[in-house]
Amino acid sequence: MIGLFASGLFLAGSCMAEPAPVSHFYDEAGQRYLTLRSTSTSGVEVGIRWAADPGSTAAWMGQGTRKDNQVVFAALVDEGQDRGSYFIAKGGESKMEISFRPGQKMPQDPGILGIYRRVSDEKRLQLARKEFQAADDRLNAALKTASRMWPGADKPVAADWKTGWPALLSRWMKIAYQAPEPVKVKSNQPFASDKGDALPEKDVQYWLKLAQATALAYSFAQQAPGLGSAGAWDGEYDDGFGGHVSIRRAKDGRLRVNLSCTRVNENQGADLSGQISPDAVKSKNGESTAEAVFVEAEVPEDAKDITVSLKRAGGFLWVETKRKATPVGSLSWLDGIYRWSPVPME
875 MIGLFASGLF LAGSCMAEPA PVSHFYDEAG QRYLTLRSTS TSGVEVGIRW
925 AADPGSTAAW MGQGTRKDNQ VVFAALVDEG QDRGSYFIAK GGESKMEISF
975 RPGQKMPQDP GILGIYRRVS DEKRLQLARK EFQAADDRLN AALKTASRMW
1025 PGADKPVAAD WKTGWPALLS RWMKIAYQAP EPVKVKSNQP FASDKGDALP
1075 EKDVQYWLKL AQATALAYSF AQQAPGLGSA GAWDGEYDDG FGGHVSIRRA
1125 KDGRLRVNLS CTRVNENQGA DLSGQISPDA VKSKNGESTA EAVFVEAEVP
1175 EDAKDITVSL KRAGGFLWVE TKRKATPVGS LSWLDGIYRW SPVPME
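Using the working numbering, read the sequence shown as starting at 875 and increasing by one per residue.
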């Protein structure tokens, strides 16, 4: 589908006097959000997000021009690419209807067609809270199923992962969510406050970002651990939140380890490599552990040395890192529970 991508949510802002810089519409039956954002006197950015799966970031972006009560638009693509079909969004204050522009052969992206009704900020907040709750319910159901259906050695992992979920969510939100600026009011106004509208709980984006993070969580929990690893170190590991670990065991028993992550965006990433000597690799009662000090380049001296502790059991890998100091501005992390997958075939 042209224009379909996964990204941060664009459904933000509030309605103002016409022409509205941002207008919001909602298709309740299809669980689709439509956003029209004015970019100039006649320019309009069109955004559609599907929310049938709570926390989904599946979206379609387009660009066009407004004339009177309609917008003619097509997909937003890179320079030189075909924009595909053209659409007409026609309506007014209460609703917008999207249809294909007449006269096109084999038009594409029919999934954005239909009627969207205007939605107030209060309703959007209610829907965002409801979406987060639906995502949280799906996560709890997935973890409950995992504790019953995963292989014997992996069943306890669901409870272990759930214990660490609040801290993981908090870390993610520190990067993903930025609170809006406080609304400034005159001091002589009754009940004046500089905080009211800046509370996260009153911000649509806050609940949508929570839903997004929770969607990553339930997607991770819904995927059964890979079979065939038998606790071996060799493999590729992912934590479902942009963290990846690659491990290869050499013939002499050394572990070559690469840890990397991109948390929310490329500005919050990390890349760390090192080797663990054979005498630091232990095995007991179906679990294997390994530990070594890795050195991260291009950071302050007191933050260079990182103690990396690994635990391998069943279809998962546990990673814990410790260092004396954290580089300024770094919010990314490598710690967590990672799911094993086999080494790719060359």
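Note that CB positions come from ideal geometry on N, CA and C, so glycine has one too.
By the neighbour-count definition (other C-beta atoms within 10 Å, threshold 16), ASP901 is a buried residue. Note on geometry: alpha-carbon atoms of ASP1113 and ARG991 lie some 38 Å from one another. Assigned with DSSP and collapsed to three states, ALA1187 falls in strand.
Residue pairing for MET935: DSSP places it in a beta bridge opposite GLY921. For ALA1041, the uninterrupted alpha helix (DSSP H) segment begins and ends at 1029–1050. For the pair ILE1180 and THR1200, the CB atoms are not nearer than the 7 Å cut-off. A distance below 6 Å between beta-carbons, with the five flanking residues on each side excluded, links VAL1031 to the following residues of its chain, in chain order: PHE1190. ARG1012 is the residue among MET980, SER968, ARG1012 whose C-alpha sits nearest the C-alpha of SER930. By the Cβ neighbour-count rule, ALA1053 is exposed, with fewer than 16 other Cβ atoms within 10 Å of its own. Considering only LYS1083, LEU1017, ALA1008, the residue with the shortest C-alpha distance to ARG1045 is LYS1083. The bridge partners DSSP lists for TYR1212 are LEU1191. Counted as a single uninterrupted DSSP element, the stretch harbouring LEU950 is not any alpha helix (DSSP H), since DSSP gives it neither H nor E.
Judged by DSSP in its simplified three-state form, ASP1176 adopts helix.
For LEU1084, the uninterrupted alpha helix (DSSP H) segment begins and ends at 1078–1096. In this structure, the straight-line span from the alpha carbon of GLY1160 to that of GLY1105 is close to 7 Å. With distances taken between CA atoms, THR909 lies nearest to SER994 out of SER994, ARG975, GLY1038. In this structure, the straight-line span from the alpha carbon of LEU1101 to that of ASP1176 is close to 41 Å. Rounded to the nearest angstrom, the gap between the Cα atoms of ALA1091 and HIS898 is 28 Å. Per DSSP, ILE986 has no beta-bridge partner at all.
For MET970, the enclosing beta strand (DSSP E) covers residues 969–974.
Under the three-state reduction of DSSP output, ARG1137 falls in the coil class, being neither helix nor strand. Taken atom to atom, the span from the alpha-carbon of ALA1187 to that of TRP1024 is near 13 Å. The alpha-carbon of ARG923 is positioned some 12 Å away from that of GLY936. In the DSSP assignment, ASN1132 forms a beta bridge with SER1120, SER1147.
In the three-state DSSP reduction, PHE1006 falls in the helix class (H, G or I).
At a Cβ-Cβ threshold of 7 Å, SER1120 and GLU1110 count as neighbours. Separation of GLU1170 and VAL1182 (C-alpha to C-alpha, rounded to the nearest whole angstrom) is 11 Å.
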